[in-house]
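One structure is given here, and the rest of the page talks about it.
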Amino acid sequence: MSKRKADAMSKNPRVLALFDVDGTLTEPRKVVSPETVKFLEELREKIAVGVVGGSDLTKQKEQLGDSPSMFDWCFAENGLWAAKDGSVIGQTSLVSHLGEDSLKRIINWVLKYFSELDIPVKRGTFVEFRQGMLNVSPIGRNCSREERNEFEKFDLANKVRETMVAKMKEEFADLKMTYSIGGQISFDVFPQGWDKTFCLRYLPEADFDEIHFFGDKYFEGGNDFEIYSHPRTKGHAIEDANPMTTLKKLSELFGVPCPDKLTPPGAH
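Heads up: take any position in the sequence shown, counting from 1, add 3, and you land on the working numbering.
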C-alpha cells in the first residue's frame with residue numbers, strides 16, 4: 004500500500020481543526036509562512052482542517068494562497084461564503100437581508116460620524132462593503148503599515164472603535180446588528196448570528212466528534228469570541244497573536260512535528 008493511501012485511511016475526518024487567519028495562521032494582514040503551509044498539509048493527513056476568516060475570499064487568498072484547496076472546509080466572511088473540498092456550498096448576501104434603505108442609513112451615519120471624528124491620521128476606504136458585512140475603519144483601510152500600527156496604539160489609549168461601536172448599538176438597535184472589533188484598525192458590522200458561528204451550520208453535529216477552534220480575538224467583543232466560546236467547539240486562545248503559538252498547540256494535540264522557526268512574511 005502506498006504512503007498516500009495509508010495516510011488517507013488513517014485520517015480522522017470526524018475531528019476538525021478550524022482556524023482564524025490574522026494572528027493565528029499569519030501575522031496581521033501578512034502572508035502565511037511556507038513552514039505553516041507544510042505543517043497544515045501534514046496535519047490534514049491526520050484530521051480535517053478548516054479556515055474561517057472575517058475577510059472576503061480575495062483577501063483570504065492574498066494571505067493564504069488557494070485556501071479552498073488547502074483546507075477541507077473554507078469559510079470567508081465568517082462563513083457567508085462557504086466551500087467544502089474546493090467546491091462552493093453556500094453564499095449569503097447582506098443586501099438581500101437588510102435592504103437598501105437600512106444599508107444606506109448605516110453608511111450615511113458612519114460617514115457623518117467620521118466627518119466629525121478627530122484622530123491624528125485619516126486616509127481612505129472608511130467603509131468597505133463585503134458580501135455579508137460592513138467593515139468600518141476610522142483611519143481608513145488605505146493607511147500604511149506604520150500608520151496602521153500607530154492607530155492601533157492610539158485606539159487602545161483612546162477607545163476610538165469601542166466608543167463608536169457603543170453609539171452604533173444605540174442608534175441601530177432596531178436592526179439587531181452585531182459589532183465585532185478585530186484586527187488593528189477596523190470593526191465589522193453584520194446581522195446578529197452572522198459572526199463566525201455562522202459557519203457551523205455547514206458542519207453537521209452528527210459528522211464531528213470534536214471541533215477545535217484557534218483564534219487570537221477570543222475575548223468578548225473580539226471577532227473570534229462567539230465561536231471560541233460556542234458549546235460545539237473546543238476553543239484555543241492564541242494570546243500573543245503568533246502563528247508559531249498555533250503550531251505548537253497543534254503539535255501538542257495531534258503530534259505533528261513543529262518547525263523551529265517561521266520564515267518572516269511579506270506584508271500586504
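Just so it is clear, CB atoms sit at the ideal spot from N, CA and C, and this is done for glycine as well. Since the model is a prediction, treat every value here as computed from it, not as a measurement.
Sub-8 Å separation of residue 253 and residue 79 beta-carbons: No, they are not a contact pair.
Three-way DSSP call (helix, strand, coil) for residue 77 in this model: strand
Residue 33 in three-state terms, based on DSSP: strand
Determine the burial state of residue 212: buried for a count of at least 16 other Cβ atoms within 10 Å of its Cβ, exposed for fewer. exposed
Between residue 74 and the rest of its own chain, which residues show a CB-CB distance below 7 Å, the 5 nearest in sequence each way excluded? 52, 53 and 54
Residue 66 and residue 34 look like a contact to me (Cβ under 8 Å); what is the Cβ gap, rounded to whole Å? 6 Å
Let's see if you can read the secondary structure: which residues bound the beta strand (DSSP E) around residue 184? 180-185
Indicate the three-state DSSP secondary structure (helix, strand or coil) for residue 204 in the structure shown. Secondary structure at residue 204: helix, using DSSP grouped into helix, strand and coil.
Is residue 259 near residue 46, with beta carbons less than 8 Å apart? yes
Have a look at residue 232 and residue 129 and give me their C-alpha separation to the nearest angstrom. Those two C-alpha atoms are separated by around 30 Å.
According to DSSP, what are the bridge partners of residue 25? DSSP output for residue 25 lists 29 as bridge partner(s).
Return the CA-CA distance between residue 9 and residue 30, expressed in angstroms with no decimal places. Because the pLDDT of residue 9 is 45, which lies under 50, any placement of that residue in the model is unreliable, and the question is left without a value.
Relative to the alpha-carbon of residue 220, which residue among 112, 18 and 243 has its alpha-carbon at the smallest distance? 243
Cα-Cα, which of 256, 250 and 255 is closest to residue 264? 250
Beta carbon of residue 194 nearer than 8 Å to that of residue 164: If you check the CB distance, residue 194 and residue 164 do not come in under 8 Å.
Which residues mark the beginning and the end of the alpha helix (DSSP H) in which residue 176 is found? Here residue 176 belongs to no alpha helix (DSSP H), and DSSP marks it neither H nor E.
When you compare only the Cα positions, how much space is there between residue 167 and residue 70? 33 Å
Return the CA-CA distance between residue 115 and residue 225, expressed in angstroms with no decimal places. 25 Å
Looking at the secondary structure, which residues open and close the alpha helix (DSSP H) in which residue 83 lies? Element bounds for residue 83: n/a, residue is neither H nor E.
Helix, strand or coil at residue 126 according to DSSP, with G and I counted as helix: coil
With a threshold of 6 Å on Cβ separation, who are the neighbours of residue 27 within its own chain once the five nearest residues in sequence on each side are excluded? 217, 218, 219, 241 and 249
What three-state label does DSSP hand residue 271 in the structure shown? Residue placement at residue 271 is poorly supported in this model, since its pLDDT is 46, which falls under 50; the coordinates are not used for a value here.
For the putative contact between residue 134 and residue 83, defined by C-beta atoms under 8 Å, what is the C-beta separation to the nearest angstrom? 5 Å
Between which two residues does the beta strand (DSSP E) harbouring residue 272 extend? No answer is possible for residue 272: it lies beyond the span of the chain, which begins at 4 and ends at 271.
Could you give the C-beta distance for residue 151 and residue 188, rounded to a whole number, given that I count them as a contact under 8 Å? Rounded, the Cβ-Cβ distance is 5 Å, consistent with contact.
Exposed or buried, residue 62, counting other C-beta atoms within 10 Å across all chains shown (16 or more means buried)? buried
Is it the case that the Cβ atoms of residue 210 and residue 17 are separated by a distance below 8 Å? yes
DSSP three-state label for residue 10, please. Note that residue 10 scores a pLDDT of 48, beneath 50, so its modelled location is shaky and nothing firm can be said.
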